[in-house]
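Peer 1: In the UniProt record's numbering, the protein residues as written are 1 to 258.
#1: Taking residue 29 as the reference, give the member of 180, 86, 95, 3 with the closest Cα.
#2: With burial defined as no fewer than 16 other Cβ atoms inside 10 Å of the residue's Cβ, what is the status of residue 10: buried or exposed?
#3: Mind checking which residues open and close the alpha helix (DSSP H) that includes residue 22?
#4: Helix, strand or coil for residue 30 per DSSP?
#5: Would you kindly report the start and end of the unbroken alpha helix (DSSP H) that includes residue 60?
#6: Identify the residues that DSSP records as bridge partners of residue 130: which are they?
#7: Would you report the Cα separation of residue 93 and residue 114, rounded to the nearest angstrom?
#8: Under the three-state reduction of DSSP, which class applies to residue 159: helix, strand or coil?
#9: Which word fits residue 127, buried or exposed, when buried means at least 16 other C-beta atoms lie within 10 angstroms of its C-beta?
#10: So, helix, strand or coil for residue 1, using DSSP?
#11: Using only CA atoms, which one of 32, 12, 36 lies nearest to residue 147?
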């Protein structure tokens, strides 16, 4: 398989690991710079066994090249409105409301809300906002013409949920290839490897809905049980310091080459 990798991914300090993995595995690849405002991938190849990796921009534009396989998995089943039908109450933020980013939200005194993009992944990073923080963010986002946020961009809003620990799972062909924690709160003791009950929960979710041939699932432990934080497109999911990038690239290459 041939990997087309975006070079200018500045938000991920561990992005370089993909190049080390591709070199070690002796897998063909090409590096490309893509401006955030690009409307297509300016790259030509006779190969059709292409997998793109980088930012949301290359993942989104990769969908245009329908002759590439696997190409990009962006969109489709990754949309909350689709996977929420299968995962339901197993989602950390199951009960959400959808609004335009320009809509006026209703806030209680001192309330905080968890707000993230609804159907355009990563036009901004979902997080907890206070009323003032959100209004300031919207003002600046709509004033900034260099991003893809418009007054009609959709957001999903939910109440803030407390998590004890969170982990990222890389899934290829229905199998968990790699799993690693990226967040612990002060009440959770450190664990080097994701606990077996967390992995068992993820496998149960895969039985409910194996969303794509390759995707990323973030899970968390709450005081009640394990939950799915969100689903991410594997073509634009970032690595963490403990991610075994070589295992992921190897699994992708073997699975899609066969």
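Ideal Cβ placement from N, Cα and C applies to all residues, glycine included.
Peer 2: Result, derived from the coordinates:
#1: 3
#2: Burial call: exposed.
#3: 17–24
#4: strand
#5: Membership of residue 60 in the alpha helix (DSSP H) is indicated by the continuous run 56–62.
#6: 112
#7: 9 angstroms
#8: strand
#9: exposed
#10: coil
#11: 36
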